[in-house]
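Numbering (our numbering), first residue to last: 360 to 525.
The beta-carbon is built from N, C-alpha and C at its ideal position, and this holds for glycine as well.
To keep things clear, I will list the structure first and then write my remarks on it.
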């Protein structure tokens, strides 16, 4: 009976896989957007059906976020967008790579980075500028060492420096 139940479960999962894949790759029909989203995205209406499904979903989600923002949040988002547009393709690629590396980190490391960044932001502007300048003056090797010092020793690592005289 146990083997039968397992076989039945496997067949159900295999049978459901195409439906789940279709749902994951389905786009967002224009008619599924609410009126405020359609008004916001009116410039996309004529080409909406030609957009890839994942792009439709991303734009629809972005419209939802935008419509949920207050004036201050919209101004900040607009400022970030203008900054993004001013970057070179190389700078954008570097930022995308860094963001992906951050997203690949375990949640506790992400949180530690957020905390360190907040501490940096809380510093007085002149102290932040001094740290930024010092970082830019460092060689890649010095930067690696600074990062390692900040992170502390790795678990199960052995300190290979000579033991100071006791």
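Residue 468: first and last residue of the uninterrupted alpha helix (DSSP H) it sits in: 466 to 481
Which class does residue 392 belong to by DSSP, given the choice of helix, strand or coil? coil
Please report the straight-line C-alpha distance between residue 469 and residue 416, rounded to a whole angstrom. 26 Å
In three-state DSSP terms, what is residue 409? helix
Mapping the DSSP letters down to three states, classify residue 426 as helix, strand or coil. helix
If residue 422 and residue 396 are in contact, beta carbons under 8 Å, what's the gap, nearest whole angstrom? 4 Å
Under the three-state DSSP convention, the category residue 385 falls into: coil
In angstroms with no decimal places, state the Cα-to-Cα distance between residue 441 and residue 482. 26 Å
Exposed or buried, what is residue 419 when buried is set at 16 or more other beta-carbons lying within 10 Å of its beta-carbon? buried
Ends of the alpha helix (DSSP H) at residue 489? 484 to 496
Would you decide whether residue 392 is buried or exposed? Buried here means 16 or more other CB atoms lie within 10 Å of its CB. buried
Please report the straight-line C-alpha distance between residue 484 and residue 494, rounded to a whole angstrom. 15 Å
Give the DSSP-derived three-state secondary structure of residue 506 in the structure shown. helix
Through-space distance from residue 456 to residue 471, alpha-carbon basis: 19 Å
Please report the distance separating the alpha-carbon of residue 426 from that of residue 473. 27 Å
Any idea what DSSP makes of residue 454, helix, strand or coil? helix
Could you tell me the alpha carbon to alpha carbon distance between residue 480 and residue 487, rounded to whole angstroms? 8 Å
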